[in-house]
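What follows is one structure encoded as structure tokens, with my remarks underneath.
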Amino acid sequence: LNRGQMTLYDSIDLPGDGFYKFKVRARSTTHGPTGGALRINDELAGEVEIPGRAPEIREIVAFLPKGSHQMAWNINLPPQAQRKPGGKGKTERKKYTELPKNANDIVSEESAKNAPKIPRTNQENSALKKLMDSWDRTQIGVQRPFEWLRLHGKNGNPSELQRFHGYVTERSKPLAKIEREIAVQIGIEPGDLRRKINDANRATEADRARLLNLADFQIIREAKPGQFAVDWIEIVGPLAVGDEKLAVQSAKLFANPQGQKRARPRSEDSREPAPQDDPIMMKQGWIRELSLLIRRAFRRPVEDADLKKFRSIYDASKSAGHSHAEAARQTVVAVLVSPHFLYRIEQGDGEEFELNDWQLASRLSYFLWQTMPDERLFDLAEEGKLRVNLGVEVDRMLRHHRAEIFFESFGGQWLGYSGLGRTIQPDTKKFPEFTPQLAVAMKRETNWLFESVFRENRPVTDLLTARETLVNLTLARHYGIESVKTPGFQIVRHESPERGGILGMGSVLTATSTPVRTSPVIRGVWVMERLLGEDPGEPLADAGELPGNAGEARGKTLREELEIHRDRAECASCHDKIDPLGFGLEQFDAIGRFRTREGRKPIDASGELPDGTKFRGAAELREYLVENRRDEFHRVVTERLLSYALGRELRTADEAAIREILNKGQATNFRAADLVKAVVESYPFTHQAAEHSEF
732 LNRGQMTLYD SIDLPGDGFY KFKVRARSTT HGPTGGALRI NDELAGEVEI
782 PGRAPEIREI VAFLPKGSHQ MAWNINLPPQ AQRKPGGKGK TERKKYTELP
832 KNANDIVSEE SAKNAPKIPR TNQENSALKK LMDSWDRTQI GVQRPFEWLR
882 LHGKNGNPSE LQRFHGYVTE RSKPLAKIER EIAVQIGIEP GDLRRKINDA
932 NRATEADRAR LLNLADFQII REAKPGQFAV DWIEIVGPLA VGDEKLAVQS
982 AKLFANPQGQ KRARPRSEDS REPAPQDDPI MMKQGWIREL SLLIRRAFRR
1032 PVEDADLKKF RSIYDASKSA GHSHAEAARQ TVVAVLVSPH FLYRIEQGDG
1082 EEFELNDWQL ASRLSYFLWQ TMPDERLFDL AEEGKLRVNL GVEVDRMLRH
1132 HRAEIFFESF GGQWLGYSGL GRTIQPDTKK FPEFTPQLAV AMKRETNWLF
1182 ESVFRENRPV TDLLTARETL VNLTLARHYG IESVKTPGFQ IVRHESPERG
1232 GILGMGSVLT ATSTPVRTSP VIRGVWVMER LLGEDPGEPL ADAGELPGNA
1282 GEARGKTLRE ELEIHRDRAE CASCHDKIDP LGFGLEQFDA IGRFRTREGR
1332 KPIDASGELP DGTKFRGAAE LREYLVENRR DEFHRVVTER LLSYALGREL
1382 RTADEAAIRE ILNKGQATNF RAADLVKAVV ESYPFTHQAA EHSEF
């Protein structure tokens, strides 16, 4: 859709009353944003935003009655893409980077110097040497657009940046064929050759990824809004938001009980109305639907007092002359503002009591879904069978799409990356490559790891050791993964031993840095508190802190400056435990990129703990945690899960339950889903103290 073709419309026939989901896959025709609006019968049903060229699927849900309807999609630019009002004067032309006159000579010289080099062998025959020389020459050609991108910098002309961006892809195509031929000559698999090349050129590939990300950021930032290009539209329904029964119930609640069609004609021999026409029976049917709504909203059996209260609201509204629909709306609003809907009320006899099945259903649902129970949980509670089916229900609920909020919320709260891109924001002047798109990709990667570990019931130590991860093109470039060529998310395997698990993820590494640099202290404290459950202690009031430019001034590395800073006996006792853990991650910069040098000096990523344990880099730190501190990690996961499930901090009285969960975890190799089952079967989860009832 463009400004010339404002509307895409069609007639649709719907088979019944209910909620319908309108799915559209669309994209912008530029790198800039675009948007669309869906109208049904000229009424706005919803709006969607598309950030750029990559196709995105969006959904709009609307309640519609049975029959024929007019569907129309309009172009609808999001607010940030709309033109700002202004005068009729000339717009000031933006000034982009002005290149030096000898730019071509600079590019030629730097390309030859910076291009990747293929690792050579001592047994090169003439054919192999010819292939390797060809590979090196091709890479010099590939490097040229990278050097042009470097010259243009972060203020380059977007059209030029886009042009050179395209050259990178085109000139890289011959490399795959050359590498296959080299692999045959050497007698290894092409993938093994690619890994050797990557290992030998890690700094160069990281530099290339940085240049591409910088160009992407400038292209997207300067891009004009695009047209709304629709790939396909899909309509699914009738359904409900989460539950088909809810759609039917909504239709019945707001349908006029006095105005329904008769199911059969009256008998000519009888003056009595047919049962379907009886206003009393119709009203009773509506009351049954209201009772179902109250049951769902209050998450417990409906009491006579409940019905009496809300029936009186309906009757009062009708007496005031309102229509059935308005009276029903007022009644539903009253249900939804009741404390019984807004709060989880757990009440019982005595100072401490066991939750009944209804209360347990709510506690379980809000633990794993952060919303009310579905009909299956309600039915099990009503039958008194939930408690004996907890394990089965945990498996079902973890597989359900609603559990995605658990993986995101639990992981983000525990590891501290929830605010990435919002409250956790690197300095954009120092790290212009850190875009909102990169922040989203980082968080999705970590959320996916939690999802796969819990849904596949893998040992929780896989959170530390997993080699497979989820990346899109933006995150793959950030990590220097060359195998990813398309924009969408895909599962890849890390070849670098430094990556893998949460210790090598950009979300965690960015969240444990300052806005302008890394911080071995912050990262060390994070490992102690979040992974080992240890209290590092409070810093001295006059301890001070390193300046923001530490590691950049005075020709010293950050490690060397920190050694000077902590040169006090009272500081060293804590820093001896904290700093080595942080130094193990120092080869990752403040936004999670791998590096081997800081300025002109090599980075020392070694650490030595007070007990004499030594390690170097993230791979050996990970091995130390898994091999030497596994018990502490298991306990941390257990405590964090139980605290999250209860919605409160743990107390001394919870220690017995923690030990019981740990014993069950030991028997199941601390598999994630099994650990969740142990948590929901524990005494604190299935019981409530009266003085701490949630209201």
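Each residue of the sequence shown is one higher than the last, beginning at 732 in my numbering.
Even for Gly, the Cβ is constructed at its ideal location relative to N, Cα and C.
Computed from a prediction, not measured in an experiment: that's the story for all the values here.
Put simply, the region 1242-1253 touches the region 1312-1324. At least three CB pairs are less than 8 Å apart. Between the C-alpha atoms of lysine 1116 and cysteine 1305 there is a straight-line separation of about 52 Å. Secondary structure of methionine 1103 (DSSP, three-state): coil. One thing to note: phenylalanine 1346 has its Cβ within 8 Å of the Cβ of glycine 1338. The straight-line gap separating the alpha-carbon atoms of histidine 1418 and valine 1119 is approximately 15 Å. For the pair valine 755 and valine 967, the CB atoms are not nearer than the 8 Å cut-off. Out of Ala846, Ala834, Phe1314, the CA that lies nearest to the CA of histidine 883 is found in Ala834. The beta carbon of glutamate 920 sits closer than 8 Å to those of Ala914, all from its chain and outside the five residues before and after it, given in chain order. The region 920-944 is shown to contain whole alpha helix (DSSP H) runs of 4 or more residues at 921-931, in chain order.
Comparing alpha carbon positions, the residue from Met1128, Trp1100, Glu1113, Phe1072 closest to aspartate 1088 is Glu1113.
In this structure, the alpha-carbon of alanine 846 lies about 17 Å from that of arginine 926. Counting C-beta pairs closer than 8 Å gives fewer than three between the region 1205-1222 and the region 1350-1370, which falls short of the contact rule. Comparing alpha-carbon positions, the option among Arg1361, Asn929, Ile788, Phe959 lying closest to threonine 761 turns out to be Phe959.
The bridge partners DSSP lists for arginine 1402 are Pro1190. Secondary-structure assignment with DSSP links valine 779 through a beta bridge to Gly767.
Take the alpha-carbon of arginine 1254 and the one of proline 1190: they are about 24 Å apart. When DSSP states are grouped into helix, strand and coil, methionine 1236 belongs to the coil group. Around the beta-carbon of threonine 1344, fewer than 16 other beta-carbon atoms lie within 10 Å, marking it exposed.
Closest in C-alpha terms to isoleucine 781, from the list Arg770, Ser759, Ala1404, comes Ser759. Contact check between the region 1226-1244 and the region 1175-1193: three or more CB pairs, one atom from each, fall below 8 Å, which counts as touching. With fewer than 16 other CB atoms across the displayed protein chains lying within 10 angstroms of its CB, aspartate 1266 is exposed.
For glutamate 1164, the CB contacts under 8 Å within the same chain, skipping 5 residues up- and downstream, are Arg941, Asn944, Leu945, Phe948, His1209, Ile1322 in chain order. Taking all protein chains shown into account, serine 1238 has 16 or more neighbouring C-beta atoms within 10 Å of its C-beta and is therefore buried. Taking each of Arg1094, Glu1292, Gly1396, Gly1315 in turn and checking the Cα distance to arginine 1031, the smallest one comes out for Arg1094. Histidine 800: member of the beta strand (DSSP E) spanning 798-806, first to last residue. In this structure, the CA atom of leucine 1121 is about 8 Å from the CA atom of glutamate 1412.
Only residues of its own chain outside the window of five on either side were considered, and among them Thr869 have a CB closer than 6 Å to the CB of proline 905, listed in chain order. In this structure serine 799 is exposed. Its beta-carbon is surrounded by fewer than 16 other beta-carbon atoms within 10 angstroms. Distance check between alanine 1336 and each of Gly1315, Ser1183, Glu1363, Thr1241 places Gly1315 closest, using alpha-carbon atoms only. Looking only at Ser865, Gly897, Asp867, Ser742, the smallest Cα-Cα distance to leucine 880 is reached by Gly897. A check of alpha carbon separations from arginine 1361 across Leu1263, Leu1381, Pro850 identifies Leu1263 as the nearest. Histidine 1132 counts as exposed, since fewer than 16 other C-beta atoms from the protein chains shown sit within 10 angstroms of its C-beta. Minimum Cα-Cα distance from isoleucine 928 among the listed residues Thr852, Glu878, Arg902 corresponds to Thr852. A contact between stretches requires three or more CB pairs, one per stretch, nearer than 8 Å, and the region 1389-1403 meets this requirement with the region 1185-1199. Taking all protein chains shown into account, lysine 1408 has 16 or more neighbouring C-beta atoms within 10 Å of its C-beta and is therefore buried. At the C-beta level, valine 1171 and glycine 1143 stay beyond 8 Å of one another.
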